[in-house]
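Student: One structure, as structure tokens, below. Some questions next.
Written out as structure tokens, the structure is:
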């Protein structure tokens, strides 16, 4: 099984470094162009299925980047629930603590990084169980892309997950 993981295209909230979480934002013009630019690369892959977060920005990206496939929505691909931090700038929170899986701070409303990691692992487990012979495109958010990176490459000893940064409309490939 091959996984092709795409982060959604740029939004105006990305530009302002806002924690969007589960806000239902849309792609800006640059984000639409980024998604369209993925099309020729994805056309060369042998993609059997497309899984997508149900948010507008991921759906737009999926449709523009790979329009010829049916899209399967999965809530486990939604962005990290930022709870009380949603809509705030990254600079307004302790981002190092927020993305440290060893600390795994529990917040009043925001999803812990451990919980996020757990739901991504659950999603991957389901793919392994049900689609082992398929090549799958996943269109999702930066937090999910980050967790997938560390799922496949190992978690750093210090637990800090900020070492890997995806960019809008990036494409990662993994083999299971």
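Numbering (our numbering), first residue to last: 1 to 176.
Even glycine gets a Cβ: it sits at the ideal position worked out from N, Cα and C.
1. Check the DSSP bridge columns for residue 7 and list the partner residues they point to.
2. Work out the CA separation of residue 76 and residue 120 for me, nearest whole Å.
3. Assign residue 90 to buried or exposed, taking buried as 16 or more other Cβ atoms, counted over all protein chains shown, within 10 Å of its Cβ.
4. If we count the other Cβ atoms within 10 Å of its Cβ and call it buried at 16 or more, is residue 41 buried or exposed?
5. Could you pull the start and end residues of the alpha helix (DSSP H) that residue 123 belongs to?
6. Would you mind sorting residue 9 into buried or exposed? The rule is 16 or more other CB atoms within 10 Å of its CB.
7. Between residue 30 and residue 64, which are expected to be in contact by the criterion C-beta below 8 Å, what is the C-beta distance as a whole number of angstroms?
8. Within 10 Å of its beta-carbon, does residue 72 have 16 or more other beta-carbons around it, so buried, or fewer, so exposed?
9. Looking at the structure shown, is residue 96 part of a helix, part of a strand, or coil, going by DSSP?
10. Here's a check: name, in chain order, each residue in its chain whose Cβ is nearer than 6 Å to the Cβ of residue 49, leaving out the five neighbours to either side.
11. Quick one: Cα of residue 101 to Cα of residue 142, how far?
12. Please tell me whether residue 22 and residue 78 are closer than 8 Å, where the distance is taken between their beta carbons.
13. Among 139, 152, 148, whose alpha-carbon lies nearest the alpha-carbon of residue 59?
14. Of all Cβ atoms in chain B, is any one closer than 8 Å to the Cβ of residue 127?
Tutor: To lay it out plainly:
1. 140
2. 6 Å
3. exposed
4. exposed
5. 113-130
6. buried
7. Between residue 64 and residue 30 the Cβ distance is about 12 Å, and since that is not below 8 Å, they are no contact.
8. exposed
9. helix
10. 134, 136
11. 16 Å
12. yes
13. 139
14. No chain B appears in the structure shown, which is made up of a single protein chain.
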